[in-house]
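K.L.:
The numbering of the sequence shown is the numbering used here, which starts it at 4 and goes up by one. Below is the structure I would like to discuss, written out as structure tokens.
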Amino acid sequence: MWLQGDRAGVCVTQFDAKQLERGLVCKPDALLSVFAAIIRVSRISYFKGTVATKAKFHVTIGHETVMGRATFFGRYSTTDVCPTSDKLDMTAPFDFSTEYLYQNELLTVRARAAEGDAENSGSLPEAQFALMELEKPVTCGRNFIVIGSKLDADIHANACRLAFHGNLVEPITDQRYAETFLPRLCVIKERWKEGVVERQADQFTVICRGLFKKESKFDAFIGLKVSVSTGESGFIEGGFGQSGKFKVRIPCNYTYTLFVCSIIFILLFFVQIKFLTRSSNLENN
Numbered sequence: 004m005w006l007q008g009d010r011a012g013v014c015v016t017q018f019d020a021k022q023l024e025r026g027l028v029c030k031p032d033a034l035l036s037v038f039a040a041i042i043r044v045s046r047i048s049y050f051k052g053t054v055a056t057k058a059k060f061h062v063t064i065g066h067e068t069v070m071g072r073a074t075f076f077g078r079y080s081t082t083d084v085c086p087t088s089d090k091l092d093m094t095a096p097f098d099f100s101t102e103y104l105y106q107n108e109l110l111t112v113r114a115r116a117a118e119g120d121a122e123n124s125g126s127l128p129e130a131q132f133a134l135m136e137l138e139k140p141v142t143c144g145r146n147f148i149v150i151g152s153k154l155d156a157d158i159h160a161n162a163c164r165l166a167f168h169g170n171l172v173e174p175i176t177d178q179r180y181a182e183t184f185l186p187r188l189c190v191i192k193e194r195w196k197e198g199v200v201e202r203q204a205d206q207f208t209v210i211c212r213g214l215f216k217k218e219s220k221f222d223a224f225i226g227l228k229v230s231v232s233t234g235e236s237g238f239i240e241g242g243f244g245q246s247g248k249f250k251v252r253i254p255c256n257y258t259y260t261l262f263v264c265s266i267i268f269i270l271l272f273f274v275q276i277k278f279l280t281r282s283s284n285l286e287n288n
């Protein structure tokens, strides 16, 4: 009986052996033709370059190496506990019900946490993922090991060319995955703008300025949360006048002091193209 990893000689009639360099033997439907995949990834610390979102990598899955474009995102803990590693449960099923945070690059979680980076320790992901879009389909299965590298780098340079490694946790077999699969992903970006509390209207309402232009429409932003630099939280209640000022409702009894208080407006929006309209409105205001 064969065991995994054993070498075997197989006689296949009417087949030219020169047409096959390497292959896989499996039962029917055990392997899939994958056009893209969600990969649980971890950065290789010896790689000195930036592992950036939207960059192209040589992606090795099974016996094949193809070019692929990566979009990185992470799962962040809701507690203040700083993760020391992003390599736990690398083959755990992907959870589509979780909100993930978009990342501009892949982070080295263990190294940064060990250095005691106080500024960034609270924003490290407990798990990192990549949406890997392949230039041509690859035959593979769930939990296959994946290696991302920069094989086009100078081979004479004394530098590691392996950028990240991981496991394929969610294969995407539909060639129209941008329409059928990606809308299931809940990946968000966090954008923020800062304004100034100008005066207090009553014990629950303050008048603020500095976030919007006078021609801005407030309908899209009513009800969105804001936070005050003194620690209180509230939400945008509506516009005030014609100069771009707006009202913020603070449910608790708020007392405005003579000190200048800043108010921070944080907007979470989906990364997918069809959700970018709301983001563009914020950037233009």
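Backbone N, C-alpha and C define an ideal beta-carbon position, used for all residues, glycine too. No experiment lies behind these values; they were computed from the predicted model shown.
Is it buried or exposed for Leu154, if we count other Cβ within 10 angstroms and need 16 for buried?
P.N.:
As a position in the sequence shown, residue 154 is number 151, starting the count at 1. When all chains shown are included, Leu154 counts as exposed.
K.L.:
Might you give, ordered along the chain, the residues of its own chain that have their beta carbon closer than 8 angstroms to the beta carbon of Glu240, omitting 5 neighbours on each side?
P.N.:
Counting from 1 along the sequence shown, the entry for residue 240 is found at position 237. Excluding residues within five positions, the ones whose Cβ falls inside 8 angstroms are Thr208, Ile225, Phe249, Lys250, Val251, Arg252.
K.L.:
So, helix, strand or coil for Leu185, using DSSP?
P.N.:
Against the sequence shown, residue 185 aligns to sequence position 182. The answer is helix: DSSP assigns Leu185 an H, G or I state.
K.L.:
Can you list, in chain order, the residues of its chain with a C-beta nearer than 8 angstroms to that of Ser137? Leave out the 5 residues immediately preceding and following it.
P.N.:
Position 134 of the sequence shown, counted from the first residue, corresponds to residue 137. This sequence places Leu at residue 137; Ser is not what is there. Once the five neighbours on either side are set aside, the close Cβ partners of Leu137 are Val37, Phe38, Ala39, Ala40, Val62, Val69, Met70, Gly71.
K.L.:
Once the 5 residues before and after Phe76 are set aside, which same chain residues still bring their CB inside 7 angstroms of it?
P.N.:
For the purposes of this step, residue 76 is taken as the residue at position 73 of the sequence shown. Result list for Phe76: Tyr103, Leu104, Tyr105, Gln106, Phe132, Val190, in chain order.
K.L.:
Which class does Ala20 belong to by DSSP, given the choice of helix, strand or coil?
P.N.:
Sequence index remark: in the sequence shown, residue 20 carries index 17 (1-based). If DSSP states are grouped into helix, strand and coil, Ala20 belongs with the helices.
K.L.:
Look up Tyr180 in the DSSP assignment and say whether it is helix, strand or coil.
P.N.:
Along the sequence shown, one-based indexing puts residue 180 at 177. Three-state result, Tyr180: helix.
K.L.:
The beta strand (DSSP E) with Asp157 in it runs from where to where?
P.N.:
The sequence position of residue 157 within the sequence shown is 154, counting from 1. Per DSSP, Asp157 belongs to no beta strand (DSSP E) and is neither H nor E.
K.L.:
Taking DSSP's pairing of strands, which residues face His168 in a bridge?
P.N.:
Taking the first residue of the sequence shown as 1, we reach residue 168 at position 165. According to DSSP, His168 bridges with Ser45, Ile150.
K.L.:
Give the secondary structure of Val251 by DSSP, where H, G and I count as helix, E and B as strand, and everything else as coil.
P.N.:
For this step, residue 251 is matched to residue 248 along the sequence shown. Three-state result, Val251: strand.
K.L.:
The beta strand (DSSP E) that contains Thr68, what's its start and end?
P.N.:
The residue labelled residue 68 in the question sits at position 65 within the sequence shown. 67-78 is the span of the beta strand (DSSP E), which, as asked, contains Thr68.
K.L.:
Check whether the Cβ atoms of Arg46 and Phe147 sit closer than 7 angstroms, and answer yes or no.
P.N.:
The residue you call residue 46 lines up with position 43 of the sequence shown. The residue you call residue 147 lines up with position 144 of the sequence shown. No; because the gap between Cβ atoms is not below 7 angstroms, this pair is not in contact.
K.L.:
Who pairs with Asp205 in a beta bridge, going by DSSP?
P.N.:
In the sequence shown, residue 205 corresponds to position 202, counting from 1. Looking at the DSSP assignment, Asp205 forms a beta bridge with Thr208.
K.L.:
Got a sec, what are the start and stop residues for the beta strand (DSSP E) Cys14 sits in?
P.N.:
Here residue 14 refers to the residue found at position 11 of the sequence shown. Run containing Cys14: none; DSSP gives neither H nor E here.
K.L.:
Can you look up Ser246 in the DSSP assignment and give me helix, strand or coil?
P.N.:
Working through the sequence shown from its first residue, we reach residue 246 at position 243. Correct three-state label for Ser246: coil.
K.L.:
Here's the rule: buried if 16 or more other CB atoms are within 10 angstroms of the residue's CB, otherwise exposed. What is Cys14?
P.N.:
Reading the sequence shown from its first residue, position 11 is the one you call residue 14. Answer is exposed; the Cβ neighbour count stays below 16.
K.L.:
Can you give me the start and stop residues for the beta strand (DSSP E) that Ile64 sits inside?
P.N.:
Translated into positions along the sequence shown, residue 64 becomes position 61. Counting along the chain, the beta strand (DSSP E) containing Ile64 begins and ends at 59-64.
K.L.:
Rounded to whole angstroms, what's the CA-CA distance from Leu34 to Leu27? Just pull it up for me.
P.N.:
The residue given as residue 34 occupies position 31 in the sequence shown. The residue given as residue 27 occupies position 24 in the sequence shown. Straight-line Cα distance between these residues: approximately 9 angstroms.
K.L.:
Note the first and the last residue of the continuous beta strand (DSSP E) segment covering Leu104.
P.N.:
As a first step, residue 104 must be located in the sequence shown, where it is residue number 101. Unbroken beta strand (DSSP E) run through Leu104: 103-106.
K.L.:
Name the residue from Lys216, Arg43, Ser246 whose alpha carbon lies nearest to the alpha carbon of Ile150.
P.N.:
The count along the sequence shown starts at 1 and reaches residue 150 at position 147. If we check each option's Cα against that of Ile150, Arg43 comes out closest.
K.L.:
Determine the DSSP secondary structure at Val229, reduced to helix, strand or coil.
P.N.:
Against the sequence shown, residue 229 aligns to sequence position 226. In this structure, Val229 counts as strand in the three-state DSSP scheme.
K.L.:
Below 8 angstroms on the Cβ atoms is my contact criterion, and I expect Cys163 with Tyr49 to pass it. Report the Cβ-Cβ distance as a whole number of Å.
P.N.:
Numbered from 1 along the sequence shown, position 160 holds the residue referred to as residue 163. Numbered from 1 along the sequence shown, position 46 holds the residue referred to as residue 49. Right, their Cβ atoms sit about 4 angstroms apart.
K.L.:
Pick helix, strand or coil for Ser289, following the three-state DSSP scheme.
P.N.:
This structure cannot speak to residue 289, because the chain is shown only from 4 to 288.
K.L.:
Give the straight-line distance between the Cα atoms of Ala160 and Lys59, rounded to the nearest whole angstrom.
P.N.:
Numbered from 1 along the sequence shown, position 157 holds the residue referred to as residue 160. Numbered from 1 along the sequence shown, position 56 holds the residue referred to as residue 59. About 20 angstroms.
K.L.:
I need the boundaries of the beta strand (DSSP E) containing Lys139, first residue and last residue.
P.N.:
Reading the sequence shown from its first residue, position 136 is the one you call residue 139. From DSSP, the beta strand (DSSP E) with Lys139 extends over 130-143.
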